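These notes concern the structure reproduced below.
Residue numbers (this note's numbering): 458 to 643.
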């Protein structure tokens, strides 16, 4: 009889402990789901960044035609406005558009020269023995050649002031950069 009471008491203690553990596990699960929801929400916010359009109805802008001519127009959020803007083909001033025309022309001629010089050579960033050369400029604006073996700087895209911003740009645009400039013909 004494053993039976001890068994009943032990069973009751075990049930209490199991109930306490269940309450703790449910509470822990609730707290964990809130933390995970916050993480998923912030991740969604990061992945859904959209360019802010700095124009309002009636604002004048400039765009470049396919032949290089520059025209002005007024912003009204039309499909054409949106397409020009999403392609980076809208400029706040005529001077900014003229500068872009010159940059595109230089880049086109530069790429043609580079491709002619390189022939059928293909860059291989995994080959540490293959030298690669790029043109850089110093603080005074002097140009010079730098040799690289295994580091692709993506210098075409410019530089960030803050590490965090550059890391965020990689998370937002990294796949496109890889597709269009690393794996594609840059």
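Here a beta-carbon is modelled for each residue, glycine too, at the ideal position from N, C-alpha and C.
Nothing here was measured: the structure is a model prediction, and the numbers come from that model.
Buried or exposed by the 16-neighbour rule on C-beta atoms within 10 Å, applied to residue i
{"i": "residue 520", "result": "buried"}
{"i": "residue 553", "result": "exposed"}
{"i": "residue 548", "result": "buried"}
{"i": "residue 532", "result": "buried"}
{"i": "residue 601", "result": "exposed"}
{"i": "residue 643", "result": "Caution applies to residue 643, whose pLDDT of 43 falls short of 50 and renders its modelled position unreliable; the value that the coordinates give is listed next. Label assigned to residue 643: exposed."}
{"i": "residue 577", "result": "exposed"}
{"i": "residue 590", "result": "exposed"}
As assigned by DSSP and simplified to three states, the class of residue i
{"i": "residue 601", "result": "strand"}
{"i": "residue 593", "result": "strand"}
{"i": "residue 517", "result": "strand"}
{"i": "residue 580", "result": "coil"}
{"i": "residue 547", "result": "strand"}
{"i": "residue 606", "result": "coil"}
{"i": "residue 481", "result": "helix"}
{"i": "residue 509", "result": "coil"}
The alpha helix (DSSP H) enclosing residue i, as first and last residue numbers
{"i": "residue 531", "result": "No alpha helix (DSSP H) contains residue 531, which is instead part of the beta strand (DSSP E) from 527-531."}
{"i": "residue 541", "result": "536-543"}
{"i": "residue 556", "result": "551-575"}
Distance between residue j and residue i (C-alpha atoms, nearest Å)
{"i": "residue 419", "j": "residue 480", "result": "Residue numbering for the chain in the displayed model covers 458 to 643; residue 419 lies beyond these limits and cannot be assessed."}
{"i": "residue 559", "j": "residue 635", "result": "27 Å"}
{"i": "residue 580", "j": "residue 545", "result": "28 Å"}
{"i": "residue 492", "j": "residue 599", "result": "51 Å"}
{"i": "residue 585", "j": "residue 595", "result": "25 Å"}
{"i": "residue 567", "j": "residue 607", "result": "23 Å"}
{"i": "residue 631", "j": "residue 504", "result": "12 Å"}
{"i": "residue 517", "j": "residue 550", "result": "9 Å"}
{"i": "residue 524", "j": "residue 582", "result": "36 Å"}
{"i": "residue 603", "j": "residue 490", "result": "50 Å"}
{"i": "residue 477", "j": "residue 467", "result": "15 Å"}
{"i": "residue 621", "j": "residue 613", "result": "19 Å"}
{"i": "residue 526", "j": "residue 561", "result": "13 Å"}
{"i": "residue 469", "j": "residue 494", "result": "37 Å"}
{"i": "residue 522", "j": "residue 572", "result": "26 Å"}
Any non-hydrogen atom of the ligand ZN within 7 Å of residue i CB
{"i": "residue 514", "result": "Absence of the ligand ZN is noted for the structure shown, with no ligands found whatsoever."}
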